[in-house]
Every structure is written in structure tokens, then in C-alpha cells.
């Protein structure tokens, strides 16, 4: 039905177990990577304008490759960066924050919006950070970055300032994996 460098939208005719038929609208997007940059007793966040919701939003660095910019050997599909999700995580962290990480930990994979999209997301913790200059894409103009303590992040969640579903899911994986609070 629709295709651009970032997504394919299709409509599938389906038959339900009772024999009735229906339609599913599906958004196919390459898998993405989300990075939790940990430093000291807190995290580095990015804030950017998110066009679909018409607002600036705080979140963990994250993203995917468009079809045209995917590295050779990485195929677009239901699990678009299956070949090397860590390479994507490295690229996104450098692009959005300028950081390079000395240590990476894969926390898991989450479905982005499994009610209408095939996209998944690998969640990584990045630490032992070395600063550098960001190299943001055109769509990331005006992106800002800041470090927050765990208590500040909890306040941002409570106050509705940190509402990105992937970032919240990633934080839940982080808390489960480490079974502790940073503060």
C-alpha cells in the first residue's frame, strides 16, 4: 500500500479461527536498537522533536537504518538488523551522543508495537563511555542531550516528561537485569 526508505505498510486479508475474514494493517520496519548509556549513578538521555506527537520528547538514544543506508550484508525484513544489531547500537550511540562505549551488554529484545508493526528492538547497556562529537541526521536537528541521575529519571517518569514506550521498556529490562537502583 505504501513504501518509503523507512517502512512498508501493507494490508493482509486474514481468516480467523471461526472462519470469518478480516483485514490487518501492518507496518513493516527494520528492527532498531536502543542504548542505555550508563555513567556513574545515572544515564545519558536525548531529547528531540517527534513529529507524530508534535512534541519534544526525552528518551534513550535509539534508531534503525533506512534501507538505503543499511550496511552491505544486512537485509531488510522482519528482523532487519538481525545480522549485526550491535553495529547499529554503536552507530546510533555515536550519531546521537558522540559517545563510544568500552563495554556493551545486550539486555534483550522487545516488540515495538506488535498490534500493528513487525518491528523489534534490541536493548543494550553501554558503559565505560568516551566522549566525542555527535553526527546527527537531518531529522535530528535540534536534538539535545543531558545526564540525569536515577532519581531525576524517576521524577521525569512521574511528571510525564519521560514517556517513550521503548525507553520505558528498556528501563524495565535494565532494572530486571541489574536488580538494583543506581541511587
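Numbering (this note's numbering), first residue to last: -15 to 167.
Glycine included, C-beta positions come from ideal geometry on N, C-alpha and C.
Since this is a predicted model, take the numbers as computed values, not measurements.
Asked	Found
Rank 146, 126, 125 by C-alpha distance to the C-alpha of residue 135 and give the top, closest one.	146
Note down, in chain order, each residue of its chain lying with its Cβ closer than 7 Å to the Cβ of residue 0, except the 5 sequence neighbours on either side.	6
Using the Cα positions of residue 158 and residue 85, report the straight-line distance between them to the nearest angstrom.	17 Å
Please determine, among 77, -10, 144, the residue with the shortest C-alpha to C-alpha distance to residue 110.	77
Are three or more beta carbon pairs between the segment 3 to 20 and the segment 113 to 130 nearer than 8 Å?	no
Any idea what DSSP makes of residue 96, helix, strand or coil?	coil
Indicate the three-state DSSP secondary structure (helix, strand or coil) for residue 156 in the structure shown.	helix
Bridge partners for residue 39 per DSSP, in chain order?	34
At the level of alpha carbons, what is the spacing between residue 30 and residue 4?	46 Å
Does the Cβ of residue 25 have 16 or more other Cβ atoms within 10 Å, making it buried, or fewer, making it exposed?	exposed
Per DSSP, residue 162 forms a beta bridge with which residues?	Answer is none; residue 162 lacks a bridge partner.
Straight-line CA distance for residue 87 to residue 112?	6 Å
I'd like the list of long-range same chain contacts for residue 100, defined as Cβ closer than 7 Å, with 5 residues on each side in sequence excluded.	9, 10, 11
Go ahead and pull the three-state DSSP assignment for residue 25.	coil
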